[in-house]
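Numbering (my numbering), first residue to last: 29 to 446.
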């Protein structure tokens, strides 16, 4: 079986869904399982809905839900020349479930509330894509990923229960059929919805490929493959034709947007190749990520993470920041679902570069202020260069004022203010 993954940009509108249909029609001889993300910026819109809900802004919730429903219905209307009553009812039922949640009191932590709401984007998009593929003659079965991917209760960054997930996937996915399911979402042992972290749809494809021992995973993107930098940010970028699993993990860890950090590990263990291809040019082979290959061509690889905050903590009694302090600090980062992208420590202070999370960060800062003097600098950028050279470092340093810098054998990192 082949695993195809289409992200939000691939299905952002009716034309995108039609393009997905044209791609899969080239592979009708294969069993394919398709993993699809939420459409366009739906996840961002649902995150705004979470904020409105938790802040008790009922009017905002109603407007946001109406806008989301209208935008999806518009795509349905453009895809089907005649009314598709069954699809409209199925999508309407999902929106009704969503409305019920936001009209009721919040249940659980804010991370759990987040997972209750945000995963609806994937459920709705896959209903639409599945119906259109069937309409175009590509027969497929819709699967609910919440019944496939079993996780723990670490909401917003749930960890996969591999034994249960393996059993569920093998029970529901049979050879001789093609399927469509959602990326990003799963459920815990109590069937509460969970999410695997932002951009977790790639990871979903990897998990399923691991269980099925798939022939290959293909991630379809709006780029020709994995480049050595985002062409919207860096000039003169080049296509990387081959990348080893280990190098891909390094790039993903530092935030390369093409690949989710956890995606590579299950594929490497099973030896399943990963290809990143352009959904707009089927003649291009893209990038192949596999075992035992060298980076081809060998170039500096640039990564930028925007919307960063630098959180600086200092002890109030000038005590050393030692292991006991750091363990408590990292425990709080973990509890609030914030990953530390870069850290640096001095005798009585520490600095942490993290993504600016409008939901989690304010609550985290309140907790940190109980034990430390806290200062925050926002609107920053974190640049990482793998296999750096002097020219690459000079280019990055010229982009803004340096606030934090780290250098290792293969990797250069710098936090700057533009």
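Don't be surprised by glycine CBs; every beta carbon is placed ideally from N, CA and C.
Alpha-carbon to alpha-carbon, residue j and residue i
i           : j           : result
residue 266 : residue 33  : 23 Å
residue 104 : residue 117 : 12 Å
residue 177 : residue 216 : 9 Å
residue 228 : residue 144 : 16 Å
residue 171 : residue 157 : 12 Å
residue 78  : residue 146 : 8 Å
residue 418 : residue 230 : 33 Å
residue 347 : residue 376 : 6 Å
residue 214 : residue 222 : 5 Å
residue 218 : residue 196 : 15 Å
residue 337 : residue 446 : 13 Å
residue 220 : residue 194 : 19 Å
Residue j beta carbon less than 9 Å from that of residue i
i           : j           : result
residue 181 : residue 140 : yes
residue 150 : residue 65  : yes
residue 261 : residue 284 : no
residue 245 : residue 30  : yes
residue 370 : residue 380 : yes
residue 396 : residue 402 : yes
residue 388 : residue 416 : no
residue 81  : residue 130 : yes
residue 62  : residue 209 : yes
Proximity to residue i [Cα-Cα], best of the options
i           : options               : result
residue 202 : 186, 225, 185 and 241 : 241
residue 319 : 309, 123, 303 and 147 : 303
residue 107 : 159, 121, 73 and 86   : 159
residue 309 : 406, 225 and 250      : 250
residue 187 : 130, 143, 224 and 95  : 224
residue 413 : 433, 208 and 406      : 433
residue 120 : 135, 137, 100 and 236 : 100
residue 323 : 60, 291, 277 and 281  : 277
residue 268 : 247, 299, 317 and 233 : 317
residue 294 : 72, 339 and 239       : 239
Cross-strand partners of residue i (DSSP beta bridge)
i           : result
residue 223 : 213
residue 401 : 342
residue 409 : 444
residue 373 : 378
residue 244 : 30
residue 272 : 318
residue 60  : 30
Sequence-distant residues of its chain with Cβ nearer than 6 Å to residue i (five each side left out)
i           : result
residue 243 : 30
residue 272 : 321
residue 312 : 252 and 306
Neighbourhood of residue i by C-beta, 7 Å cutoff - its chain only, sequence neighbours within 5 removed
i           : result
residue 385 : 366
residue 429 : 444 and 445
Sequence-distant residues of the same chain with beta carbon closer than 8 Å to residue i, five excluded per side
i           : result
residue 112 : 104, 159 and 163
residue 155 : 115, 118, 119, 122 and 170
residue 374 : 349
Min CB distance residue i to chain D below 9 Å
i           : result
residue 290 : No chain D appears in the structure shown, which is made up of a single protein chain.
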